[in-house]
Structure formats: C-alpha cells, structure tokens
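**Q**
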Amino acid sequence: MSSDEITDKVNNMNGYIDKIDKILNAFNVNKDTGLSDAQIFEKRKIYGENKLKEKEGETLISMIIGELTQFLNLLLIAAAVVSIIASGHLTDGIFILAIVVLNVGLSVIQERKASNAVSALKSLSAPSSKALRNSELENIDSHLLVPGDIVVIEAGDYVPADIRLFETVNLKVDESALTGESVPVEKDCDVELTEQTPIGDRLNMGYMSTIVTYGRGIGVVTETGMDTEIGNIASLLNDVEDEMTPLQKKIGKLGKLLGLISVVVVAVIFLIGIIRIGFSNLTDSPDEILELFMISVSLAVAAIPEGLPTVISVVLALGMRKMADKNAIVKELNAVETLGSTTVISSDKTGTLTQNKMVVTRIFDNHEIIEVTGSGYDFNGRIKGGSSNVSKLVEIGALCNDSRITKDSLIGDPTELALVTLAAKNKTLQKDLKVKYPRIDEFPFDSDRKLMSTVHDLDGSKQIYTKGAPDQLLKICTHYLIDGKVKKIDADFIKTVEQANQDMANNALRVLGFAYKEITSYGNLKEEESSLVFTGLVGIIDPPREEVKEAVKVCHNAGIRVVMITGDHKSTATAIGKELALLDEGGHALSGEEIDNLSYPEFLDLVRITNVFARVSPNHKVMIVKALQETGEI
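Everything in the sequence shown is counted per our numbering, starting at 552 for the first residue and increasing by one.
As structure tokens, then:
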C-alpha cells in the first residue's frame, strides 16, 4: 500500500468511532507484529516526531524592542532628540534617554528572570514507551512513536500518544490533567461511541500525558505530537493573542494625550511669541525666532513626566518580587497590575479548587450516615460516631486493597488510598492489618463484576473480603451486619441502603459497598463470591482545598467573580460549586453539550450569569474565557 493510499485512509478514519479492524487497516499494521523499520521511516517523514511544539519565547532583542516601542517611551525619545537639536547640547537629552534605558532595562530583566524560571519548570525528560516493532516489544523514547505503532501501557505509565485501545485488562487511567475528572476512568475497548461523545466518555481511547493507575492495555497510536488532544490544547494556547493590560492601555492613552498637549503647547507658545515679535518683523529677527522655538520645546519637554515610566516599572517590579516570595511566578511585569484590575477569575477544579486527592467524607454503617473529617491522605482526621460495623468496614477497605501509603510515597489507585487513610483515622494501620491478617488469595476487580475480593487468614480461620459497586454487591449478599449481629437481608433493608446510596450520590460522592463471609475452605474464589454479609457504604470525593472557601469569600468581598470550568461530571461540579458558594441552592452548572446547542448571543448572555461550567472540552474553555473578555470582564 502506497503512502498516499495510507494517508487517504487515515484522513477518513475516526479513532474512537471506527471498528479496530478498520483503524489497523488504515495504518497498514498487524496488531501481532507491529510496524516494520521501513514503515516507521515512511511514517516519520509524513508525521514527524511525537513532540508538542511550544510557542517560541521572546528573544532578548524582541523584549527590548517591545519596551522601546511603548508610546510613552517613544515620546520620551522624541523629546530627547528635539531637546538636543534645539538646545545644541547633549545634557538634557542624555538625561531623558538614560531614564528610558533604565526603564526598559528594569522591565526586561524582571521578565527575563520569570521566563527562565518557567523554562526550568518545563525541563522534564520525555518518558519511554513499550512498542511492538518487527514482532518484538521494544523500549523506545516516546518522541519516536509514529501513528500505527502498537503500544503496551501498564500501571504507572504515561500514555505516550493518543491510542485506540483494542485490549484492556482492568485498565484505569487518570485523565484529570486533560478532562479535570478526579476519579480514574475505567477503560473499555469494546464500547461503541458516537461522534458527539465528549473526551471524558471515550472509554476506548487513551490520551497523551494521562497516567495509567491500574491494569494494562494494548492499543494502536492514532495521533502523535500536535495532532493529539493535548496537542490541540497546546495549539489553542499558542494561538491566543496577547492583549494589552489595563495599565498599558492607560499609559498609551496618557502618552498620546501628553503628545497632543506638547504639540499644542509648542504651537500656542510659538504663535504668541510670533504675535509679540510681529509678523512684519519675522525676517529681521531670526535669533529671536530660534530662541522662541527653544523656549516652546523646553516647555513641551517639561510637560512630559519622564520619571513616570521608571516609577511604574519600579512599583511593578516590587509587586513581582512580592509575588515571587509567595511562590507565584509572574512572567510579564505589566501582569502584576492586571491582577489588581481583575473582575473574574476562571479556574479549573481538580487540583486547583480541589485537592486532587480522594477522601472518604461519609460512612453508612447500615443504620445512619456518619461524617468523616480530615483532608487529603493525612491520617489526622476522625470518624464522628457510628456502630461497631465501622471497624469491620474499614478493615475490609484496608485489606481488600492494592494501594499503600508510606512516609515517602503514595502507591496505587486514589480511591484505594482514601480507604487506607480511612482505616488510619479509625486507629487501624494497614501495615499492621496485613501482618495480622495476611492475604492468601485474591480475585481482582474487573468491569463486568464491578467487584474486588481477597481472602485472608484470620487466626486460623478464613474470611473473604469484597468491595465494589453497591448495586452489584447487594445482589450477592444474603445477610447484613448491624450492631455486631448478622441479620437476613429483607426488602426494607435494601430500600434503606438504596436511599443512603442515593443521598451520597446526590452530593457527588463516589459510593463503594463492603461485605465479607467466613469460609472453612474454598476452591474457586469466584464461586465464593456469594451469600456475603453486607457491612456498609462509604462516600468518596475529591474535596475542596481547605483554604479555597476563604479565598473565594475574599474574592467575592473584593467584587471579583470566581468561575469554575472543569471537564468533570455536572453533578460533581454542581456539588463542589455549592460547597464553595459559587452556586446558590437553585443554581446549576452549564455543560459543554448545552453550550454546543446555544447560539452565540445566547451563550454570551449565559456566560454573564453562569459560575460553573462542567464536562467541557479544551475548546470550550478557550471559548468561555474569550466570551468573558468580550463582555468586558478582566
């Protein structure tokens, strides 16, 4: 197949909609052998390297020219030149030019320092990838991947490019960097999607720069470099044009006003002098006319506040330094003043307004819903009350668990880390439980059962511990635990559990159920996943940062509107928005799908009153910010 034929097929292909056979055929690749060296060479000529292109930074020369061409500086330079020509000596002109040089130098030095600091943050080495080439699995640098490569991803790997998955085994991917969704997404290579499916719901795709948290998968690279979804975001950012800050606009207006005043002053003084000399005597008084012109120019130059640019630069530089002391890098000097003129702050949710750490905040102990305090993976919280069920529930959560927390690291799925933390808040450390009740078998989580089970040795006896989706777990439970007693499940109890589950879900909590069973012996673990004792539920969420509520309140008191823009689900965004007072009780979030169905005038009207946007794409985020600017917000 020629390269032109392959290119035509690829152009007519949709990575998340088309059948996997069509995609493999479009790239002319066998999923069992991968690409050959000749194919790789040909594709690299077509697609280039798998790298994101950043907008070229300003050079030192361009920075200097940019500062020199600001209107007030141009006015000062013109004044210096006129002063030298008119007076015949250099003193005043050099003094004015020295002020210009000082002002430009101060601005450039500060912006250069900030630019270097940002560059240092970006100097991270590219990860490697496992790709099937010439029938062999190779470790290669990710930037060498090309569309059509067959790649293998496992827990802990960065997804190296946009890939269409054709094999998944309990695969979960943290896509918070791309979509803002806090909970890792469970992938399904067999799902069928439509063109309208948003990025966060494309379960058969893996996207560049997201992280595999659990399981493994195999897929074919569909897009690389700037053609990936993360590359699309980079393109949008590169295409954003720099706007003048409020201060730059005001200085520009002031410079033009001073320029006009100077011209008028020169003209009026010169005209008054001419009238005094007399129009008939002009040819007889060339020295007086020259002196009159010099006086007029001197008055005009005196009217220009040549110290103003320097004073402004010094004040902004001090603000820049103060921001740096608080670990905030300001790239451009004038941006400091813009912060003081801000009317709207648009923020992502995950990791900015929230902790990007899953936390158990509620427990249902088969009797009532109990509050759990604390933040992040800090053990310094507590469970406010509850029955004896709580101890058994947290024990199951800590042992039916593949994550662990050490002094130096967090290892595993964020939801499981939250369960390890919950146990510690109940004075039950996972490491001690693992020694006391060692695991002797396991049945990993999968997307069909939506359950995970482990078997443990409890002082000679054996128990199976199971956690998972409440609706699936209830199906395999025949009894429930309450106040230390085991009772048979009836219709009333099922209604109670379903109501508790619904109450938690309405508050955007991710709900997990827990159960156990004593066994004397077992053969097939799958067969033992029946007749379990239901122990309770937990509600998990990525909660707001502790300092955010106060920060939002300060912004509101200062007349600054805070807008949350996230790719997370609408229910989650709404719950967080209400908790942070971004939404009142009757308020609601606007989704990306709803935005697509609006006309632009309707969208502008809603942007003025909407404070929470959910399930939005990167394109939507840029669109929202531009609309806010268009409505006069800063």
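No residue lacks a Cβ here, since even glycine has one placed at the ideal position from N, Cα and C. In this text, all values refer to a predicted model and were calculated from it rather than measured experimentally.
Helix, strand or coil: which one does DSSP assign to residue 1192?
**A** What is shown of the chain runs 552 to 1185, which leaves residue 1192 out entirely.
**Q** Quick one: what does DSSP say residue 928 is sitting in, helix, strand or coil?
**A** Counted from its first residue, the sequence shown places residue 928 at position 377. Correct three-state label for residue 928: coil.
**Q** Return the chain-ordered list of same chain residues with a C-beta closer than 6 Å to the C-beta of residue 972, the five sequence neighbours on each side being excluded.
**A** Position 421 of the sequence shown, counting from 1, holds the residue named residue 972. Contacts found: 928.
**Q** Report the residue from 987, 947, 975 whose alpha carbon sits nearest the alpha carbon of residue 1015.
**A** Residue mapping note: residue 1015 aligns to position 464 of the sequence shown, counting from 1. Answer by Cα proximity: 947.
**Q** Cα-Cα, which of 1127, 1145, 595, 1160 is closest to residue 1057?
**A** Counted from its first residue, the sequence shown places residue 1057 at position 506. Checking every option, the nearest Cα to that of residue 1057 belongs to 1127.
**Q** Secondary structure at residue 1004, three-state DSSP: helix, strand or coil?
**A** Here residue 1004 is taken as the residue at index 453 of the sequence shown, counted from 1. DSSP places residue 1004 in strand when its eight states are reduced to three.
**Q** Looking at the secondary structure, which residues open and close the alpha helix (DSSP H) in which residue 1017 lies?
**A** The residue labelled residue 1017 in the question sits at position 466 within the sequence shown. Segment 1012 to 1019 is the beta strand (DSSP E) holding residue 1017; no alpha helix (DSSP H) there.
**Q** Where do the N-terminal and C-terminal ends of the alpha helix (DSSP H) with residue 682 fall, by residue?
**A** Here residue 682 is taken as the residue at index 131 of the sequence shown, counted from 1. Not the alpha helix (DSSP H): residue 682 falls in the beta strand (DSSP E), residues 679 to 684.
**Q** Let me know the secondary structure DSSP gives residue 749 once reduced to three states.
**A** Sequence index remark: in the sequence shown, residue 749 carries index 198 (1-based). Correct three-state label for residue 749: coil.
**Q** Looking at the secondary structure, which residues open and close the beta strand (DSSP E) in which residue 724 lies?
**A** Numbered from its first residue, the sequence shown carries residue 724 at position 173. Unbroken beta strand (DSSP E) run through residue 724: 713 to 725.
**Q** Residue 566 lies in the alpha helix (DSSP H); which residues open and close that run?
**A** Taking the sequence shown and counting its residues from 1, the one referred to as residue 566 is at position 15. Note, residue 566: premise wrong, no alpha helix (DSSP H); not H, not E.
**Q** Taking the C-alpha atoms as reference points, what is the distance between residue 1174 and residue 780?
**A** As a first step, residue 1174 is located in the sequence shown; it is residue number 623 there, counting from the start. As a first step, residue 780 is located in the sequence shown; it is residue number 229 there, counting from the start. Going from the Cα of residue 1174 to the Cα of residue 780 covers about 16 Å.
**Q** Taking just the CA atoms, how far does residue 1162 sit from residue 1113?
**A** Reading the sequence shown from its first residue, position 562 is the one you call residue 1113. Reading the sequence shown from its first residue, position 611 is the one you call residue 1162. Roughly 7 Å separates the two Cα atoms.
**Q** Mind checking which residues open and close the beta strand (DSSP E) that includes residue 1081?
**A** Mapped onto the sequence shown, residue 1081 falls at position 530. Residue 1081 -> no beta strand (DSSP E), and no H or E assigned at all.
**Q** Kindly list the residues whose CB is nearer than 7 Å to the CB of residue 1093, restricted to its own chain and excluding five residues on each side of it in sequence; keep chain order.
**A** Stepping through the sequence shown from its first residue, residue 1093 is reached at position 542. Cβ within range, chain order: 733, 901, 905, 906, 907, 908, 909.
**Q** Does the stretch 638 to 647 come into contact with the stretch 809 to 829, if we say contact requires no fewer than three beta-carbon pairs (one atom in each stretch) closer than 8 Å?
**A** Segments in contact, no.
**Q** Have a look at the DSSP bridge pairing and note the partners of residue 913.
**A** Counting from one through the sequence shown, the residue named residue 913 turns up at place 362. Looking at the DSSP assignment, residue 913 forms a beta bridge with 922, 1090.
**Q** According to DSSP, simplified to helix, strand and coil, what is residue 1030?
**A** Looking up residue 1030 in the sequence shown gives position 479. Reduced to three states, the DSSP call for residue 1030 is strand.
**Q** Alpha carbon to alpha carbon, how far is residue 729 from residue 761?
**A** One-based indexing of the sequence shown puts residue 729 at position 178. One-based indexing of the sequence shown puts residue 761 at position 210. Approximately 7 Å, taken between the alpha carbons.
**Q** Between the Cα of residue 924 and the Cα atoms of 1095, 916, 933, 612, which residue gives the shortest distance?
**A** What you label residue 924 is simply residue 373 of the sequence shown in a count that begins at 1. Selected option, being the one with the closest Cα: 933.
**Q** How big is the Cα-Cα spacing for residue 659 and residue 630?
**A** Taking the first residue of the sequence shown as position 1, residue 659 is located at position 108. Taking the first residue of the sequence shown as position 1, residue 630 is located at position 79. Going by the C-alpha atoms only, they are around 23 Å apart.
**Q** Would you check if there are 3 or more beta carbon pairs closer than 8 Å linking the stretch 737 to 755 to the stretch 692 to 707?
**A** In short, these stretches do not touch, since the Cβ pair count stays below three.
**Q** Between the stretch 1041 to 1056 and the stretch 986 to 995, are three or more C-beta pairs nearer than 8 Å?
**A** No: the two stretches stay apart, fewer than three of their Cβ pairs being nearer than 8 Å.
**Q** Which residue from 945, 957, 712 puts its Cα closest to that of residue 976?
**A** Indexing the sequence shown from 1 puts residue 976 at position 425. Closest option to residue 976, Cα to Cα, is 945.
**Q** If you draw a straight line from the alpha carbon of residue 1038 to that of residue 1047, how long is it in whole angstroms?
**A** Counting from one through the sequence shown, the residue named residue 1038 turns up at place 487. Counting from one through the sequence shown, the residue named residue 1047 turns up at place 496. Each residue's alpha carbon lies about 14 Å from the other.
**Q** Quick one: using the 10 Å Cβ neighbour count with 16 as the cut-off for buried, is residue 1009 buried or exposed?
**A** Locating residue 1009 in the sequence shown gives position 458, counting from the first residue. The residue is exposed, with fewer than 16 neighbouring Cβ atoms inside 10 Å.
**Q** I'd like to know whether the C-beta atoms of residue 895 and residue 1185 end up nearer to each other than 9 Å.
**A** One-based indexing of the sequence shown puts residue 895 at position 344. One-based indexing of the sequence shown puts residue 1185 at position 634. Yes, Cβ-Cβ distance for residue 895 and residue 1185 is below 9 Å.
**Q** Return helix, strand or coil for residue 1038, following the three-state DSSP convention.
**A** Indexing the sequence shown from 1 puts residue 1038 at position 487. If DSSP states are grouped into helix, strand and coil, residue 1038 belongs with the strands.
**Q** Suppose contacts are defined by Cβ-Cβ distances below 9 Å. Is residue 951 in contact with residue 998 by that definition?
**A** Here residue 951 is taken as the residue at index 400 of the sequence shown, counted from 1. Here residue 998 is taken as the residue at index 447 of the sequence shown, counted from 1. Not closer than 9 Å, so no.
**Q** Note down, in chain order, each residue of its chain lying with its Cβ closer than 7 Å to the Cβ of residue 679, except the 5 sequence neighbours on either side.
**A** Residue numbering aside, residue 679 sits at position 128 when the sequence shown is read from its first letter. Correct list, in chain order: 690, 691, 692, 693.
**Q** When DSSP labels each residue in this structure, what does residue 1174 get in the three-state scheme?
**A** Counted from its first residue, the sequence shown places residue 1174 at position 623. If DSSP states are grouped into helix, strand and coil, residue 1174 belongs with the helices.
**Q** Would you check if the distance between the CB atom of residue 943 and the CB atom of residue 1067 is smaller than 9 Å?
**A** Numbered from 1 along the sequence shown, position 392 holds the residue referred to as residue 943. Numbered from 1 along the sequence shown, position 516 holds the residue referred to as residue 1067. Yes, the Cβ-Cβ distance between residue 943 and residue 1067 is below 9 Å.
**Q** Does the structure place the stretch 1079 to 1094 close enough to the stretch 909 to 920 that three or more beta carbon pairs sit under 8 Å?
**A** Cβ pair count under 8 Å is three or more, so yes.
**Q** If you run the structure through DSSP and keep just helix, strand and coil, what is residue 989?
**A** Residue numbering aside, residue 989 sits at position 438 when the sequence shown is read from its first letter. Correct three-state label for residue 989: coil.
**Q** Quick test of your reading: residue 758 and residue 710, contact by CB under 8 Å. State the CB separation rounded to the nearest angstrom.
**A** As a position in the sequence shown, residue 758 is number 207, starting the count at 1. As a position in the sequence shown, residue 710 is number 159, starting the count at 1. Yes, they are in contact, since the Cβ atoms of residue 758 and residue 710 sit about 6 Å apart, within 8 Å.
**Q** Excluding sequence positions up to five away, which residues of its chain have a Cβ less than 7 Å from the Cβ of residue 599?
**A** Within the sequence shown, residue 599 is the residue found at index 48, counting from 1. 776, listed in sequence order.
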